[in-house]
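Take 710 as the starting number for the sequence shown in the working numbering and just add one per residue.
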Amino acid sequence: GEKKSSLLNGKILATLFFEPSTRTRLSFESAMNRLGGNVIGFATAKATSTAKGETLADTIKMADAYSDVTVLRHPNEGAARLASEFSSKPVINAGDGAGQHPTQTLLDLFTVKTEKKRIKGNNIVLVGDLKYGRTVHSLTYALAMFNATLTFVAPKTLQMPDEILSHLKENGIEFGQSDSLENVIRDADVLYVTRIQKERFPDPEEYAKVAGIYRIDLEMLSNAKKDMIIMHPLPRVDEIAPEVDSTKHALYFKQAFNGVPVRMALLALVLGARK
Numbered sequence: 710g711e712k713k714s715s716l717l718n719g720k721i722l723a724t725l726f727f728e729p730s731t732r733t734r735l736s737f738e739s740a741m742n743r744l745g746g747n748v749i750g751f752a753t754a755k756a757t758s759t760a761k762g763e764t765l766a767d768t769i770k771m772a773d774a775y776s777d778v779t780v781l782r783h784p785n786e787g788a789a790r791l792a793s794e795f796s797s798k799p800v801i802n803a804g805d806g807a808g809q810h811p812t813q814t815l816l817d818l819f820t821v822k823t824e825k826k827r828i829k830g831n832n833i834v835l836v837g838d839l840k841y842g843r844t845v846h847s848l849t850y851a852l853a854m855f856n857a858t859l860t861f862v863a864p865k866t867l868q869m870p871d872e873i874l875s876h877l878k879e880n881g882i883e884f885g886q887s888d889s890l891e892n893v894i895r896d897a898d899v900l901y902v903t904r905i906q907k908e909r910f911p912d913p914e915e916y917a918k919v920a921g922i923y924r925i926d927l928e929m930l931s932n933a934k935k936d937m938i939i940m941h942p943l944p945r946v947d948e949i950a951p952e953v954d955s956t957k958h959a960l961y962f963k964q965a966f967n968g969v970p971v972r973m974a975l976l977a978l979v980l981g982a983r984k
């Protein structure tokens, strides 16, 4: 088997997940273990003193004392930034409500670069819940730095937030908006699909109106470029049909696997490890 690294021997990662996570939490834990470090933490807020009313600041101070780096997922936007003010150790944002998900963006960029050889010059179509989906917020800011062409496909009520669109305009980044995937799929080099974020909708009736609005199936893909790749931060609900999984377009599982090496690199970097 693979030889385990000792790069982060003696270092401790605290995973503080106040919201559910499968891939992000497990890949961070796998990354730390593969580098020879140890992991402490929790996967649900119910198992912590937060359930007794402890503030985030106090929880972070405890993690700061017990570990060398903290990975935080929290339902409130800006939670990781706030946590960093109470911690003397690095804090990594693993998702803050409908805000950002920067480490997902790192593995997304790595995936596009690996498959397409470069990021610039690709037409990247982001489809689904662009209002509440934090992965696409972080990804859009990052893609703007690489001058990728962006197309946003969403119902009007779930389009990309104005502050992000303003950022693109200010930086001269080309983008288009549509509520129809059929109209734009033929020009896509990368199709980045997101689920409708049910847990962020204030009104269940509003969710019902847009649930299942975009569904990628073989018929939809008949108009796509041969080398177009489909990405998805997962979990998926019904937006990508299982029949798509066996096509050469499907890259979302490989994308998820990329989370481990990318997060290994990130942990090594923030902890100052050098080979």
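The beta carbon of each residue, even a glycine, is placed where N, CA and C say it ideally should be.
| query | result |
| --- | --- |
| Rounded Cβ spacing between V778 and L722 (contact assumed at less than 8 angstroms) | 5 angstroms |
| Beta-carbon separation (whole angstroms), L985 vs A774, contact threshold 8 angstroms | This structure does not reach residue 985, given that the chain is present from 710 up to 984, and the question cannot be answered. |
| Distance between I828 and G787 (C-alpha atoms, nearest Å) | 28 angstroms |
| Given 8 angstroms, three or more beta-carbon pairs between the stretch 828-839 and the stretch 852-871 | yes |
| Contact under 8 angstroms by Cβ, Q809 with K840 | no |
| Cβ-Cβ separation, L835 to V703 (assumed contact under 8 angstroms), whole Å | Beyond the ends of the chain as shown, which are 710 and 984, falls residue 703; an answer cannot be given. |
| Every unbroken beta strand (DSSP E) inside the stretch 859-892 [3 residues or more] | 884-887 |
| Rounded C-alpha distance that separates N932 from P729 | 36 angstroms |
| Span of the beta strand (DSSP E) around A803 | V800 to D805 |
| N747 - partner residues in DSSP beta bridges | I721 |
| CB contact flag (L848, Y923, <8 angstroms) | no |
| Three-state secondary structure assigned by DSSP to T768 | helix |
| Inter-residue Cα distance where the pair is G885 and G837 | 14 angstroms |
| Exposure of F737, with buried meaning 16 or more beta-carbon neighbours within 10 Å | buried |
| T903 burial status per 10 Å Cβ neighbour count (16 or more: buried) | buried |
| Of the listed residues F819, M937 and E794, nearest to V893 (C-alpha basis) | M937 |
| Limits of the unbroken beta strand (DSSP E) element including T757 | It is not in any beta strand (DSSP E) - T757 carries neither H nor E in the DSSP assignment. |
| Buried versus exposed, by CB contacts within 10 Å (16 or more), S1071 | Residue numbering for the chain in the displayed model covers 710 to 984; residue 1071 lies beyond these limits and cannot be assessed. |
| DSSP-derived helix/strand/coil call for Y901 | strand |
| Cutoff 7 angstroms; reference R972; Cβ partners in own chain excluding five residues on either side | S736, F737, A740 and T812 |
| Through-space distance from D817 to K939, alpha-carbon basis | As written in the sequence, residue 939 is Ile, which differs from the Lys given in the question. Between I939 and D817, the C-alpha separation is close to 11 angstroms. |
| Residue range of the beta strand (DSSP E) that includes T779 | V778 to H783 |
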